[in-house]
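Residue numbering for the sequence shown follows our numbering, beginning at 2 and increasing consecutively. C-beta: ideal position from N, C-alpha, C; glycine also. Heads up: the structure comes next, in structure tokens.
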Amino acid sequence: MTTLDRLLAEGLPGEMVANAAAWTAVAVDFPRDGGWDTTSGVRFGGDGSSVSLPDARERWGDPATATAAVYRLAAQVRDREPGILRRIFPALAVGLVRGEQAPAPAPSPSGPPVPAGRLSVEEGWLVAVRLVEAVRIVLADAATAGDRSAAGILPLVHRTRFLLLWAPRRFPAVDFPVRRAFGSLEAFLPRAEQARLDWALDLVNHEEHPGLLSWSTERLDAELRRLAFVGPAPAPPPGGTPPAGAGTGWHEPLPAPLPADVMREIATPSGAGDPDPGFRSWLVREAFLPRFMLLPAWRTLRPTVGRRPLVVLALLAMLLVAPAVAVAFDGHPVGVLRGVAAVAGAAYLAMFLLAVGRREMTSLWCLRLPAGAALGAVALISLDDGWAHPDGWAWPMIASAVLLATATGYLVFEAQGHGVPGGRILAGRVLAVVLLGFAHAVGVASLALAAVVPAVKPGLASTIAGASATAPGVTGPGVVGLVTVDPGVAGGPAVPLTLAASVGLAAGVLLQMLWDDRPVTYPLTHLPWRGRAR
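This is the structure we're talking about:
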């Protein structure tokens, strides 16, 4: 037994599981018309009735023949059975892949009929992947025609289809007959890619599907992660242990539906790597970033962007601790601000150069936050210079704490509105965004104070520089010379830098409403320009 059956069973309605428990599937060889040959099929039995699908296990040959066979199977599902496959197929698939007995041997045309046998794991998977294609066609047609019951079941069928078609990579210890499924490996890949996209769209738009509204935020998180990662194995039964080949965790990427050695056999560009490289970027942008899943977003894009963003991350970490370091150098305010500004400039230059090479890089840094922080810096330096030279450090620090608390509280509410689970998960994700945003804010504030303020407000620059600084001024009637400015604030450059960064973070968070109503973590894109519906 594999854990695929338990994975398929997660989240299914109890009534559907109970109805499917009364049905069993057996391998049967059916006589062809004329009686000279047989076809390999399957028969479902239960509740005093049975459903026969004569071609479900047949070798379908080339991809064109397989496509025609899928539509024939869909016609059988639509016309010959009493609706059981359409109503409870996600639960029936659990039994198909469970496998308890090998299928019955092929009969001799002249010999006695051979009794039916239970399906093995491999044969059950083959029947399931073919049936899920047929059931999806039937339900999609019914949903288009206005059948609300079919529309409610369709997302669960999409989930089943995705898990079945991507099982060979998730459970490599099982020898799934992928070459027999749809005629060739090349024909298998597009169906698997479409299955993942269909289920991803259902998850991203889960509020449109009544059957998914009852799912917890933790479960939605797990399903979203499973689109990009192998994921941990479902919990084994009491006293049991996961078998070999079960998922190893959320750190192992899931780039392709087939094992790496099988992917190398495919004579297409996708055989060399990710069959759908754009999907990861889309998933990060539309699913992970709105839910503040920064670490999964990084791990998802890592096969595309590599290790180069670690340089930017190290520079941002330096900016994060810059205000604390500045306390130790309160006698050199100008030098400290210029040093922090240099680090910020290096970080943003690196972001720019990386983004030129890979557009996926723009999704890693939450660039709406520094954009808002720049507006906050413009507003701050336009005020009276007194904010940079208060009587002490207490009120600036209190103001900074209030601004940081306001920004954090806003992000908590936004994260909850986007479906982030509560408790430690919520706290951890909001903290990650706050830290990244504060690093951006420190960088923007240092650039503004060190490079912009001396040019547009020399008096403010002199105030920040402190008592040891001199600046051009009027020394007497009609005489221009150097004058000594007022002493700087206690705490040196750390105080104005922290206050300016706090204003920038609050502005970056609160001005999020100006960005086409996109999440604060969303990349810098404007939806109307891209021609998408708002």
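Can residue i and residue j be called in contact, C-beta distance under 8 Å?
| i | j | result |
| --- | --- | --- |
| V122 | V136 | no |
| A26 | L140 | no |
| G493 | G332 | yes |
| V510 | G438 | yes |
| A348 | V313 | yes |
| S364 | A298 | yes |
| V328 | A495 | yes |
| F381 | V504 | As written in the sequence, residue 381 is Leu, which differs from the Phe given in the question. Cβ atoms of L381 and V504: closer than 8 Å. |
| G1 | W24 | Coverage of the chain is limited to positions 2 through 535, which leaves residue 1 absent and any answer about it impossible. |
| V341 | E287 | no |
| L376 | A508 | yes |
| Y523 | R359 | no |
| V133 | R162 | yes |
| V431 | A416 | yes |
| I138 | A75 | yes |
| L86 | V95 | no |
| D203 | L213 | yes |
Between the C-alpha atoms of residue i and residue j, what's the straight-line distance to the nearest angstrom?
| i | j | result |
| --- | --- | --- |
| V18 | E11 | 10 Å |
| L384 | G373 | 17 Å |
| T526 | D222 | 24 Å |
| G352 | E361 | A small correction: the amino acid at residue 352 is Met; Gly does not occupy that position in the sequence shown. Going by the C-alpha atoms only, they are around 11 Å apart. |
| A456 | H210 | 56 Å |
| P178 | I267 | 15 Å |
| A446 | A325 | 15 Å |
| I465 | A196 | 59 Å |
| P497 | G387 | 11 Å |
| A357 | L295 | Per the sequence shown, residue 357 should be read as Val rather than Ala. Cα to Cα, the separation comes out at about 21 Å. |
| F542 | V71 | With the chain represented from 2 up to 535, any question about residue 542 goes unanswered, as that position is not in the structure. |
| R281 | P520 | 18 Å |
| L155 | L225 | 18 Å |
| F330 | L316 | 20 Å |
| R309 | L165 | 35 Å |
| L311 | G232 | 24 Å |
| V379 | A501 | 10 Å |
| T218 | H441 | 29 Å |
| A28 | D142 | 28 Å |
| A21 | A92 | 6 Å |
| D80 | A67 | 20 Å |
| R44 | G100 | 15 Å |
| P412 | V322 | Note that residue 412 corresponds to Leu in the displayed sequence, not to Pro. Cα to Cα, the separation comes out at about 21 Å. |
| A174 | R119 | 21 Å |
| E16 | C367 | 43 Å |
| R227 | A57 | 28 Å |
| F289 | W283 | 9 Å |
| P397 | L512 | 22 Å |
| G336 | P254 | 45 Å |
| F230 | H252 | 7 Å |
| G147 | R73 | 23 Å |
| A69 | E194 | 20 Å |
Looking at the strands, I want to know which residues DSSP matches up with residue i.
| i | result |
| --- | --- |
| E464 | As written in the sequence, residue 464 is Thr, which differs from the Glu given in the question. For T464, which the question treats as bridged, DSSP gives no partner whatsoever. |
| P32 | T39 |
| L54 | V43 |
| A26 | F45 |
| R119 | V27 |
| P254 | F230 |
Give me the residue from the options with the minimum Cα distance to residue i.
| i | options | result |
| --- | --- | --- |
| P55 | A69, G47 and P32 | P32 |
| S150 | A174, I89, E124 and L225 | I89 |
| G184 | A323, G358, R60 and A400 | R60 |
| A343 | L450, M514 and L164 | L450 |
| V435 | R359, G410 and A452 | G410 |
| H207 | R170, A174, R160 and D262 | R160 |
| P169 | V130, A144 and A143 | V130 |
| G153 | A182, W167, S215 and W126 | S215 |
| V263 | R180, G336 and L198 | R180 |
| G444 | G15, L506 and A416 | L506 |
| R292 | R87, A433, R339 and H252 | A433 |
| D518 | V454, P422, L427 and G418 | G418 |
| P334 | A144, E124, H390 and P371 | H390 |
| S53 | G424, A144, S401 and D30 | D30 |
Quick one: does the C-beta of residue i sit closer than 7 Å to a heavy atom of the ligand GTP?
| i | result |
| --- | --- |
| A141 | Absent from the structure shown: the ligand GTP. Ligands present: none. |
Evaluate the contact criterion for the segment 252 to 260 versus the segment 187 to 195: three or more CB pairs, one atom per stretch, below 8 Å.
-> yes
For this session: Pair every Cβ in the segment 399 to 409 with every Cβ in the segment 300 to 310, then say whether three or more of these pairs are closer than 8 Å.
Result: no
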